[in-house]
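**Q** The following block contains the structure, expressed as structure tokens.
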Amino acid sequence: MGSKAYLVLENGKRFQGERFGAQGDVVAEVVFTTGMTGYLETLTDPSYHGQIVAQTFPLIGNYGVIPADFESSGIGPKAYLVKQWCQEPSNFRSEGDLDTFFKAQGVVGLSGIDTRALTKTIREKGVMNGIITDDPEKVDLEAVRAYRITGAVEAVSTRERYTVGPETAGRHIVLLDFGLKRNIWRELVERGARVTVCPCHTTAREIAALRPDGIMLSNGPGDPADNTGIIGNLKEICGLGIPIFGICLGHQLLALANGARTEKLKYGHRGANQPVKNLETGRVYITSQNHGYAVVGESIDPKRARELFVNVNDGTCEGVRYLDFPAFTTQFHPEACGGPLDTRALFDEFFAMMAQKGAEDHAAE
């Protein structure tokens, strides 16, 4: 068993647990996710950068560590909270256990805490910062409250451009990396595309020079409004007339670039069971989500765009369709991993949009 340690929230509330994984104190924003499976995808999702993640499902690690399921080459969360971690995983694909993996990756783990009580606290009081420490008596709560995630997108975005998919592919898509999950480009490649993954600050001129059929805006971490340079760049990218599909942070950033506002949610949507309604068809889907901010639906200019999806639980904006250039975005993750595959067909809609734009351009020649 590990040594005793504590999670202390910024309001002074304490949760006792036992350490596993890497050692050390960690200060970060504390959030919870409700997925019953997909802990490996959660751990390797860059959108969790700068956060301490609590799993509401009580047993984590039972199918081990499977590198083929990773969503990035790094670890998103700064620390990980579970009720119980499985010390003897059983899965034919497993290549190790969480404790060994965390020690190698420098991730602090805390098990045995009352994750149910922690989740109820966050739901009632809202997301707050916390610290994992061996000595709760010496915690400086003012310093914990002052913690803020900064420079998140730059920290997780690729530094160099790279390409995935065959050179002979029928479509070429530029994917702007704000902290992407690999399954986004997997879905594009599966549909016959060559994908050029570009750093977050790639300019409209640089994108145009690549002559893509479409532009993909990825998920990512942090407060979307902090990314003023990227937002300004997206205003120019919209003017290229190239079909755009944005997911999660990409959805928020494109909305900001078109005059809408974003707001921080009380405790966010993180898990694989969020219901969203398509306002064009009336159909409801169950979706995978991970975000703490949302686009304010009332702030969308009806002359430029309209809400495409809304969250059935709280009515927040879950998608936008743009009217003056070919683009649509979703707050949820149609690429899932892990989660339901209900909305994968949105990638097909993106490819149909590219085909239509190509036909229009050809007819105009």
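Just so we're aligned, residue 56 is where the sequence shown starts under our numbering, counting upward by one. Glycine included, C-beta positions come from ideal geometry on N, C-alpha and C.
1. Would you kindly check if the distance between the Cβ of Tyr348 and the Cβ of Gln307 is under 8 Å?
2. Express the C-alpha separation of Gly305 and Asp278 in angstroms, rounding to a whole number.
3. Hey, could you find the ends of the alpha helix (DSSP H) Thr176 is sitting in?
4. Quick one: complete beta strand (DSSP E) runs, 3+ long, within the segment 270-329?
5. When you compare the CB positions of Ala224 and Lys158, do they come within less than 8 Å of one another, or not?
6. Bridge partners for Val252 per DSSP, in chain order?
7. Spatial neighbours of Arg237 within its chain, please: CB distance less than 7 Å, with the 5 preceding and 5 following residues excluded, ordered by chain position.
8. Between the segment 84-98 and the segment 139-150, are three or more C-beta pairs nearer than 8 Å?
9. Roughly how many whole angstroms lie between the Cα atoms of Ile262 and Glu65?
10. Following a CB-centred definition, is Glu335 positioned closer than 7 Å to any heavy atom of the ligand COA?
11. Using a C-beta cutoff of 8 Å, does Asn66 count as contacting chain D?
12. The beta strand (DSSP E) spanning Leu378 covers which residue range?
13. With distance defined between alpha-carbon atoms, name the residue in Lys358, Ser343, Val365 and Tyr217 nearest to Val437.
14. Since Leu98 contacts Tyr135 with CB under 8 Å, what's their CB separation in whole angstroms?
15. Label Asp100 either buried or exposed according to how many other C-beta atoms from any shown protein chain fall within 10 Å of its C-beta, with 16 as the threshold for buried.
16. Is it true that the segment 357-364 meets the segment 319-335, where meeting means three or more beta-carbon pairs spaced less than 8 Å apart?
17. So for Thr88, helix, strand or coil by DSSP?
18. Just the C-alpha distance for Tyr217 and Gln386, rounded to the nearest angstrom, thanks.
19. Using only the alpha-carbon positions, how far apart do Thr342 and Arg325 sit?
20. Quick check on Arg69: buried or exposed, where buried means 16 or more other Cβ atoms within 10 Å of its Cβ?
21. Considering only residues of the same chain and omitting the five flanking positions on each side of Ser212, which have a CB-CB separation below 7 Å?
22. Is the segment 374-381 touching the segment 112-127 in the sense that three or more CB pairs, one from each, lie closer than 8 Å?
23. DSSP state of Gly413, grouped into three classes?
24. Considering only their Cβ atoms, is the gap separating Arg226 from Met409 smaller than 8 Å?
25. Return the CA-CA distance between Ala360 and Phe156, expressed in angstroms with no decimal places.
26. With Asn274 and Ile299 assumed to form a contact (beta carbons below 8 Å), what rounded beta-carbon distance in angstroms separates them?
27. Out of Glu179, Phe405 and Asp80, which one is the CA nearest neighbour of Val162?
28. Would you kindly work out how many angstroms separate the C-alpha atoms of Thr205 and His104, rounded to a whole number?
29. On the three-state DSSP scale, how would you describe Ala264?
30. For Lys175, tell me which candidate among Tyr322, Glu404, Ile297 and Ile121 has the shortest Cα-Cα distance.
31. Decide if Asp154 is buried, meaning its Cβ has at least 16 other Cβ atoms within 10 Å, or exposed.
32. Would you check if the distance between the CB atom of Ala259 and the CB atom of Ile228 is smaller than 8 Å?
33. Looking only at its own chain, which residues have a Cβ that is under 8 Å from the Cβ of Ala198, when we skip the five neighbours before and after it?
34. In whole angstroms, what is the alpha-carbon distance linking Lys59 and Arg249?
35. With a threshold of 7 Å on Cβ separation, who are the neighbours of Ala210 within its own chain once the five nearest residues in sequence on each side are excluded?
36. With C-beta atoms as the reference, is Phe405 less than 8 Å away from Gly269?
**A** Reading off the structure:
1. yes
2. 12 Å
3. Residues Thr170 to Lys180.
4. 299-302
5. no
6. The beta-bridge partner set that DSSP reports for Val252 consists of Tyr217 and Leu230.
7. Glu126 and Ser127
8. no
9. Their backbone Cα atoms lie some 43 Å apart in a straight line.
10. You won't find the ligand COA in this model; it holds no ligand whatsoever.
11. Of the chains in the structure shown, none is chain D; there is only one protein chain.
12. It is not in any beta strand (DSSP E) - Leu378 carries neither H nor E in the DSSP assignment.
13. The question about residue 437 has no answer, for the chain in this structure spans 56 to 420.
14. 7 Å
15. buried
16. yes
17. strand
18. 25 Å
19. 10 Å
20. exposed
21. Asp232, Phe233, Gly234, Pro254 and Cys255
22. no
23. helix
24. yes
25. 45 Å
26. About 15 Å separates the two Cβ atoms, so there is no contact after all.
27. Asp80
28. 10 Å
29. helix
30. For Lys175, the nearest C-alpha among the options comes from Tyr322.
31. buried
32. no
33. Val82
34. 50 Å
35. His104
36. yes
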